[in-house]
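Trainee: Quick note, the numbering used here runs 168 ahead of the 1-based positions in the sequence shown.
Dropping a structure here in structure tokens format, bear with me for questions.
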Amino acid sequence: ATIVKAVELGRTIYDNLLKYIRFQLAQLVGFIVTFLGSALLNIAGGIPFLPGQILWINFLVDAPPGAALGMDKPSAGLMARKPRPASASIIDRKLAVWLGLGGITMAVVTLGIMAYAQSRGDSLELVRTLGYVTFSLTHIYAALSYRFPERSIFSMETFNNARLNWSLLFAFVAILLPTEIGFLQRGMQLVSLDFETWLLCAALASVMLWVSEGFKLIFYRRGSDTE
Numbered sequence: 169a170t171i172v173k174a175v176e177l178g179r180t181i182y183d184n185l186l187k188y189i190r191f192q193l194a195q196l197v198g199f200i201v202t203f204l205g206s207a208l209l210n211i212a213g214g215i216p217f218l219p220g221q222i223l224w225i226n227f228l229v230d231a232p233p234g235a236a237l238g239m240d241k242p243s244a245g246l247m248a249r250k251p252r253p254a255s256a257s258i259i260d261r262k263l264a265v266w267l268g269l270g271g272i273t274m275a276v277v278t279l280g281i282m283a284y285a286q287s288r289g290d291s292l293e294l295v296r297t298l299g300y301v302t303f304s305l306t307h308i309y310a311a312l313s314y315r316f317p318e319r320s321i322f323s324m325e326t327f328n329n330a331r332l333n334w335s336l337l338f339a340f341v342a343i344l345l346p347t348e349i350g351f352l353q354r355g356m357q358l359v360s361l362d363f364e365t366w367l368l369c370a371a372l373a374s375v376m377l378w379v380s381e382g383f384k385l386i387f388y389r390r391g392s393d394t395e
């Protein structure tokens, strides 16, 4: 029994580490492609996010869900998985494509709404606010989708981690505050958005979720992962 518990603990730690890595790498791809796309297409003067906005996203929007994923409860069926070969790579080709696809989608929807606002002649602050909100919301969706490669987000397990649920709520509040609180608006150079615009940003951000879930449906199978 002691050996079994030790194996389960080891698998849980490794599985949670993978959850954290998937979440972080998808965001990293999103950041890189967003900045490259902004520079190439001259969106927001090639600077989609200011330094303060980047730090805010990294430390207040991304860090809490990332920590919660790293301390997640054991996944269902964890001990029934086949042993993972010692020579197997942490990031295989399928996972790399999944992460890249998610990150690219984050960038596309973010740059898309920014380009649209810019084409209307909106202020640079509004353009960046739309990008900031949309991009940040994709990270909330990513935390849910990249948690389980082999399971759909539309399952009972999606919200069975109270720590993750609270962290996502915290992340959403962190996204909202700089667009509504005066001194944060000035410091972050963001502006307020009306409810309809928030819905638009959330809908565009959800494209990342649908793309990720579609990839999982096609290329991953329940219980196919090894540890």
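Don't be surprised by glycine CBs; every beta carbon is placed ideally from N, CA and C.
Computed from a prediction, not measured in an experiment: that's the story for all the values here.
State the CB to CB distance for the pair residue 315 and residue 208, rounded to an integer number of angstroms; the pair is presumed to be in contact (CB under 8 Å).
Mentor: With 8 Å as the limit, residue 315 and residue 208 do not qualify as a contact, their Cβ atoms being about 32 Å apart.
Trainee: Where in the region 205-258 do unbroken runs of the alpha helix (DSSP H), each at least 4 residues long, occur, reported from the N-terminal end onward?
Mentor: Those alpha helix (DSSP H) runs which fall completely within the region 205-258 and span 4+ residues are 219-224, 231-238.
Trainee: Please return the same chain residues whose Cβ sits closer than 7 Å to the Cβ of residue 201, not counting the five positions on each side in sequence.
Mentor: Around residue 201: 271, 272, 275.
Trainee: Please classify residue 187 as buried or exposed, where buried requires at least 16 other C-beta atoms within 10 Å of its C-beta.
Mentor: Residue 187 comes out buried.
Trainee: What are the complete alpha helix (DSSP H) segments, minimum 4 residues, inside the region 257-310?
Mentor: Here the runs fully enclosed are 261-287.
Trainee: Would you identify the three-state DSSP class for residue 359, choosing helix, strand or coil?
Mentor: Note: residue 359 maps to coil in three-state DSSP.
Trainee: Pick helix, strand or coil for residue 316, following the three-state DSSP scheme.
Mentor: It is coil, neither helix nor strand.
Trainee: Beta carbon of residue 343, beta carbon of residue 229: below 7 Å?
Mentor: Taking 7 Å as the Cβ cut-off, residue 343 and residue 229 qualify as a contacting pair.
Trainee: In terms of residues, what are the limits of the alpha helix (DSSP H) holding residue 338?
Mentor: Run containing residue 338: 330-348, per the alpha helix (DSSP H) assignment.
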